[in-house]
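Residue numbers (the working numbering): 1269 to 1678.
Some notes on the structure that comes next.
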Ligand SMILES: *Cc1c(COP(=O)(O)O)cnc(C)c1O
């Protein structure tokens, strides 16, 4: 016999999945509705409406794709990329490589631009490359959770619009935790994440796209149905969206007024997302971003007070992920497993060139709170001392408390 599930209540300070809002977990227990039930249609419409507010746009096409965030990225890319389309991907961390990997599978002619991890691009560098390459699509990550850096997007978006290039942004890590202005930054399609700053379990990917993307999708569909000229079999094959589940033109019919059957909506996940968005809007976007900044400040002060160094250029720091350089002579994985075993706290390591070099601490959504920050700092200090790191004792929590008392006195 297998025992009933009884998981440990962890303190999760990773860049996702983070602790789910208790209200979200309760919403997931709501009884199932049929997907064409008018009550369910209302829930779908309300979720789209709330998503538009969180993405700060007025796009009709703003809805979740079922699957994890990667599903949202793939849905957008497979629906707009046609074989041999030029796609420019500036890479400054692991998730840039994911966009390249997906674009290549749909036979794009991918051009990459790379910068050292821990930095972002000067927008001028990207703009120069855009003018040289003249791609159909520019795809970039907004918040790189792998390095803890955040790329400014506004200038790049403006140039893309001027040159009639589609601008696609992976905002998985940033939506709901820091500003993402889809309309103002001239983003044509953006992908968000649920299990990061929205504090909803993983399993859906909110996306949004504008009429420029819609026009392309409708054109491809016309060709596919043989309604456009020339409509030879080869051209139909060439222009057809090469994925059924992620075909955004079909998903538009499913989420739009026609409600054409596509897949069976992930009912409980939609309940969860709706509740997560309701919490975000109740708190207010500005207040929510300010809260994330405050806890980030407390965390940074605490980390520095114990003599640890932050990794990456502070000018482009992602507010919701803090990367810490693992000190010389300390086994980063041993520290992580001790934090988990003795304190029930989870933090993250990193990938590729940063493997073994940094820890990553997330302060996202419901995980981003005073109790968690203080608990982590106290535990980290204790573990490092046990690992014989030469650090000043008893300073970290005090430094964070100073930040909190200043913030609370305002
Ligand atoms: C987490 C993350 C993803 C992937 O999300 P999954 O839900 O694991 O598919 C993509 N991009 C960024 C920037 C992320 O932080």
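Even glycine gets a Cβ: it sits at the ideal position worked out from N, Cα and C.
Coil, strand or helix - residue i by DSSP
| i | result |
| --- | --- |
| residue 1621 | helix |
| residue 1301 | coil |
| residue 1389 | coil |
| residue 1368 | helix |
| residue 1412 | strand |
| residue 1675 | helix |
| residue 1341 | helix |
| residue 1405 | strand |
| residue 1431 | coil |
| residue 1346 | helix |
| residue 1555 | helix |
| residue 1629 | strand |
| residue 1440 | coil |
Beta-carbon gap between residue i and residue j smaller than 8 Å
| i | j | result |
| --- | --- | --- |
| residue 1474 | residue 1361 | no |
| residue 1604 | residue 1416 | no |
| residue 1296 | residue 1634 | no |
| residue 1383 | residue 1357 | no |
| residue 1329 | residue 1520 | yes |
| residue 1573 | residue 1457 | no |
| residue 1404 | residue 1433 | yes |
| residue 1472 | residue 1310 | no |
| residue 1467 | residue 1289 | yes |
| residue 1282 | residue 1602 | no |
| residue 1436 | residue 1483 | no |
| residue 1651 | residue 1606 | yes |
| residue 1532 | residue 1568 | no |
| residue 1443 | residue 1344 | no |
| residue 1421 | residue 1398 | no |
| residue 1342 | residue 1542 | no |
Residues near residue i by beta carbon distance below 7 Å, same chain, minus five either side
| i | result |
| --- | --- |
| residue 1375 | 1351 and 1352 |
| residue 1325 | 1450, 1451 and 1476 |
| residue 1386 | 1415, 1417, 1579, 1580 and 1581 |
| residue 1440 | 1337, 1459, 1460, 1461 and 1464 |
| residue 1657 | 1595 and 1598 |
First through last residue of the beta strand (DSSP E) which encompasses residue i
| i | result |
| --- | --- |
| residue 1354 | 1354-1359 |
| residue 1382 | 1377-1382 |
| residue 1334 | 1329-1334 |
| residue 1457 | 1457-1459 |
Own chain, CB closer than 6 Å to residue i, minus 5 neighbours either side, in chain order
| i | result |
| --- | --- |
| residue 1636 | 1560 and 1563 |
| residue 1445 | 1465, 1560, 1588 and 1632 |
| residue 1372 | 1378 |
| residue 1508 | 1492 |
| residue 1280 | 1286, 1287, 1614 and 1635 |
| residue 1577 | 1593 |
| residue 1480 | 1456 |
Boundaries of the alpha helix (DSSP H) in which residue i is found, first to last residue
| i | result |
| --- | --- |
| residue 1319 | 1306-1323 |
| residue 1540 | 1535-1551 |
Residue i: CB within 7 Å of a non-hydrogen atom of ligand 3
| i | result |
| --- | --- |
| residue 1338 | Among the ligands present in this structure, namely ligand 1, ligand 3 is not found. |
Residues near residue i by beta carbon distance below 8 Å, same chain, minus five either side
| i | result |
| --- | --- |
| residue 1535 | 1300, 1301, 1303 and 1308 |
I'd like the ranges of any beta strand (DSSP E) spanning at least 3 consecutive residues and lying wholly in the stretch 1631-1673.
none
Which full runs of the alpha helix (DSSP H) of 4+ residues lie inside the stretch 1558-1625, going along the chain?
1600-1611
Beta strand (DSSP E) runs contained entirely in the stretch 1273-1299, provided each spans 3 or more residues:
none
Every unbroken alpha helix (DSSP H) inside the stretch 1475-1529 [4 residues or more]:
1479-1492, 1501-1507 and 1516-1523
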